[in-house]
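Everything below concerns the one structure shown next.
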């Protein structure tokens with residue numbers, strides 16, 4: 001084959017994320033420094049447009065007439081440009097500029113109510129899509145939603161996607177106190193209990209169907225997973241995510257029936273998924289004998305993975321502990337995180353963790369689509385959750401592993417030119433390679449941006465390291481600039497490396513087996529918590545509506561997340577709109593009076609020590 005010259009000799013469009021280091025208004029040229037410390041010169045054409053970052057349901061804010069003032073040194077922005085090869089250099093002409101903040105060093109997503117407003121807009125999109133303007137009727141719920149929220153021809157209701165929607169609606173209530181969202185969450189929880197729950201008195205466990213297929217008034221139960229990776233099995237992660245919405249609702253309502261369902265499902269994990277001999281949780285059990293090693297499971301027999309070991313914490317277990325303070329839930333959290341720090345890192349071979357294992361914890365590098373590949377977001381998810389766990393049970397191994405992941409990931413998992421985080425890459429560099437190869441594409445998924453944002457926010461909030469704050473801001477900027485769908489609502493599933501929406505196949509959908517409200521609303525909730533309470537020293541309000549009879553000793557626990565002990569305290573409490581004073585400000589508990597009715601509680605939390613705003 002003839003040699004192919006290294007120089008690019010064709011035009012193309014691309015995005016640059018960087019900080020202004022110089023600007024010449026006469027020549028209309030700006031110099032940017034990228035995250036990997038390259039300097040790039042960009043020419044502003046007469047046709048360039050500029051805008052200020054905007055939230056969902058906000059109007060376009062033109063910044064074109066303010067460029068000379070805004071292109072000041074230190075300013076972070078995105079440049080969407082055309083690249084023109086010309087001799088031995090490439091000319092870059094900007095066509096679109098996106099400014100994340102009005103002034104240098106400011107970012108709109110750090111406004112105190114940015115994430116709450118985004119959360120409400122996403123919730124309204126999904127409520128309209130599923131129920132229209134009518135009553136909340138979950139018989140009309142459908143897993144698959146088109147780009148604008150229209151339902152597809154599929155009539156399947158997946159348990160996990162309903163649970164994820166319930167999680168989102170309960171979360172909106174936690175931040176706004178608006179009863180209409182709690183109603184959607186509670187009705188969804190009731191629907192799950194009536195249609196998807198199985199109570200097995202012989203085994204004394206609860207488990208959950210994959211879903212139901214609805215045809216008019218006829219309902220067909222889907223016992224085992226219909227998803228290709230898990231077909232005809234009961235995967236641990238489906239049982240895990242069935243609890244996400246009900247547990248978030250339980251934090252608000254203290255409904256003892258939800259607690260009973262959750263404890264029954266934990267007995268399922270303990271009896272059939274837990275490996276008592278070699279530790280961890282199996283990824284699948286067969287649907288007849290509930291055995292993890294049955295030959296019918298094929299390549300899923302006697303396997304463990306990130307989802308079966310690590311997903312308990314973020315999906316439901318942290319929230320269950322926050323609601324109850326029960327020691328046995330803390331012990332289960334500690335058990336899973338100890339397994340993660342012992343088994344998942346693989347620094348001798350790769351900067352990425354291992355994610356799949358045989359029963360004896362030997363590495364499973366030939367399984368299905370994953371092979372020996374890394375899901376970038378799972379690495380970030382581990383860092384985020386280890387920092388949460390460190391606040392509950394401090395261990396050097398937790399924070400050391402999280403910090404190490406935080407330090408390693410930007411160079412191998414993020415896009416240092418454009419911003420944002422990649423999807424799946426090969427874990428091992430082959431001879432002569434400088435970059436980990438992409439498994440299929442260089443697109444960026446919404447949920448992996450969430451993991452990056454939360455990981456670096458909490459890393460900065462606890463360690464105070466400025467490099468982690470910079471990573472958080474880059475991730476937040478990319479997500480808010482390119483994932484928000486300002487035309488149809490909610491957020492896109494995937495974008496191209498440059499940030500343009502990718503709208504083909506299932507990645508065009510707003511609702512699918514993979515996507516519902518969970519990751520988008522979890523991001524909004526915890527980004528608000530970390531930005532306000534940990535980083536910027538601002539108070540927040542949280543809302544609850546429990547039946548005091550469901551609370552042990554009438555004690556309502558109001559911690560917003562696993563945060564460092566003593567970092568947050570109660571500033572004030574209202575019950576049913578009236579000031580209330582029976583609370584322990586430092587323990588983050590409110591002792592409610594006995595009442596025949598549910599009590600609506602607003603709690604204002606504030607950082608225990610005022611902090612200077614981060615710049």
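In this note's numbering, the protein residues as written are 1 to 615. Idealized CB from N, CA, C, for every residue including glycine. These numbers were taken from a predicted model, which means no experiment stands behind them.
Since I believe residue 82 is in contact with residue 13 (beta carbons under 8 Å), could you give me their beta-carbon distance rounded to a whole number of angstroms? So it is a contact: roughly 5 Å between Cβ atoms.
Please report the straight-line C-alpha distance between residue 1 and residue 432, rounded to a whole angstrom. Bear in mind that the predicted position of residue 1 carries a pLDDT of just 46, short of 50, making it too unreliable to give a figure here.
Start-to-end residues for the beta strand (DSSP E) that takes in residue 16: Looking at the DSSP string, the run of the beta strand (DSSP E) that includes residue 16 is 12–24.
If I follow the unbroken beta strand (DSSP E) through residue 121, where does it start and stop? First-last for residue 121: 114–131, but that is the alpha helix (DSSP H), not the beta strand (DSSP E).
With a 10 Å radius around its C-beta and 16 neighbouring C-beta atoms as the bar for buried, classify residue 596 as buried or exposed. Answer is exposed; the Cβ neighbour count stays below 16.
Let's see if you can read the secondary structure: which residues bound the alpha helix (DSSP H) around residue 261? Run containing residue 261: 256–268, per the alpha helix (DSSP H) assignment.
Nonlocal neighbours in the same chain, by C-beta distance under 6 Å from residue 606, ignoring five residues either side: Answer for residue 606: 539 and 571, listed in chain order.
Cβ shell of residue 35 (< 6 Å), same chain only, five flanking positions each side left out: Counting only residues of its own chain and dropping the five nearest sequence neighbours on each side, residue 35 has a CB closer than 6 Å to the CB of 416.
Can the beta-carbon of residue 338 be found closer than 9 Å to that of residue 397? Closer than 9 Å, so yes.
Residue 223 and residue 287: beta carbons closer than 9 Å? Yes; because the gap between Cβ atoms is below 9 Å, this pair is in contact.
What residues in its chain sit with their C-beta under 8 Å from that of residue 24, if we drop five residues either side in the sequence? 30.
According to DSSP, simplified to helix, strand and coil, what is residue 535? Helix, per DSSP.
Straight-line gap, residue 316 to residue 558 (C-alpha atoms, nearest Å): Going by the C-alpha atoms only, they are around 16 Å apart.
Segment limits, alpha helix (DSSP H) that includes residue 55: Neither: residue 55 is in no alpha helix (DSSP H) and is coded neither H nor E.
Once you ignore the five residues that flank residue 221 on each side, which residues in its own chain have a CB closer than 7 Å to its CB? Cβ neighbours of residue 221 beyond the five flanking positions: 209 and 212.
What are the boundary residues of the alpha helix (DSSP H) that residue 306 is part of? Residue 306: member of the alpha helix (DSSP H) spanning 306–310, first to last residue.
Can we say the region 122–130 touches the region 165–184, given the rule of at least three CB pairs closer than 8 Å? Touching, yes, given that three or more Cβ pairs across the two stretches are closer than 8 Å.
Member of 547, 562 and 563 whose CA lies at the smallest distance from the CA of residue 576: Among 547, 562 and 563, the Cα nearest to that of residue 576 belongs to 547.
Could you tell me how far apart the beta carbons of residue 265 and residue 248 are, in whole angstroms, since I believe they sit closer than 8 Å? Between residue 265 and residue 248 a beta carbon distance of about 15 Å is seen, past the 8 Å cut, so the two are scored as non-contacting.
Where does residue 331 sit, in a helix, a strand or coil, going by DSSP? Judged by DSSP in its simplified three-state form, residue 331 adopts helix.
Would residue 477 be called buried (16 or more neighbouring beta carbons within 10 Å of its own) or exposed? Classification of residue 477: buried, given that the 10 Å Cβ count is 16 or more.
Return the chain-ordered list of same chain residues with a C-beta closer than 8 Å to the C-beta of residue 387, the five sequence neighbours on each side being excluded. These residues qualify, in order along the chain: 398, 399, 402, 455, 458, 459 and 462.
When burial is assigned at 16 or more other CB atoms within 10 Å of the CB, is residue 277 buried or exposed? The Cβ neighbour count for residue 277, taken over all protein chains shown within 10 Å, is under 16; the residue is labelled exposed.
Mind checking who residue 110 pairs with in its DSSP beta bridge? Its beta-bridge partners do not exist; DSSP assigns none.
Boundaries (first-last residue) of the alpha helix (DSSP H) holding residue 222: Element bounds for residue 222: not the alpha helix (DSSP H) but the beta strand (DSSP E), 218–222.
Considering only residues of the same chain and omitting the five flanking positions on each side of residue 258, which have a CB-CB separation below 6 Å? 246 and 250, listed in sequence order.
Buried or exposed: where does residue 184 fall if 16 or more other Cβ atoms within 10 Å of its Cβ makes it buried? Its Cβ being crowded by 16 or more others within 10 Å, residue 184 is buried.
Could you give the C-beta distance for residue 608 and residue 568, rounded to a whole number, given that I count them as a contact under 8 Å? Correct: roughly 6 Å between the Cβ atoms.
Skipping 5 residues on each side, what residues in its chain have a beta carbon closer than 8 Å to that of residue 192? Non-local beta-carbon contacts of residue 192 in its own chain, meaning distances under 8 Å to residues more than five positions away in sequence, involve 159, 162, 163, 166, 208, 242, 245 and 246 in chain order.
Can you give me the C-alpha to C-alpha distance between residue 536 and residue 561, rounded to a whole angstrom? Put simply, the backbone Cα of residue 536 is about 16 Å away from that of residue 561.
Buried or exposed for residue 60, please, with buried defined as at least 16 other CB atoms from any protein chain shown within 10 angstroms of its CB. It is exposed - the Cβ of residue 60 has fewer than 16 other Cβ atoms within 10 Å.
Helix, strand or coil for residue 9? Go by DSSP, reduced to three states. When DSSP states are grouped into helix, strand and coil, residue 9 belongs to the coil group.
I'd like the list of long-range same chain contacts for residue 109, defined as Cβ closer than 6 Å, with 5 residues on each side in sequence excluded. Cβ neighbours of residue 109 beyond the five flanking positions: 476 and 480.
Could you tell me whether the Cβ atoms of residue 524 and residue 106 are closer together than 9 Å? Result no, Cβ atoms of residue 524 and residue 106 do not sit closer than 9 Å.
Using three-state DSSP, classify residue 613 as helix, strand or coil. Here the model assigns residue 613 a pLDDT of 48, short of 50, so the residue's position is not dependable, and the following value carries that caveat. Coil at residue 613, not helix or strand.
Buried or exposed by the 16-neighbour rule on C-beta atoms within 10 Å, applied to residue 45: By the neighbour-count definition (other C-beta atoms within 10 Å, threshold 16), residue 45 is an exposed residue.
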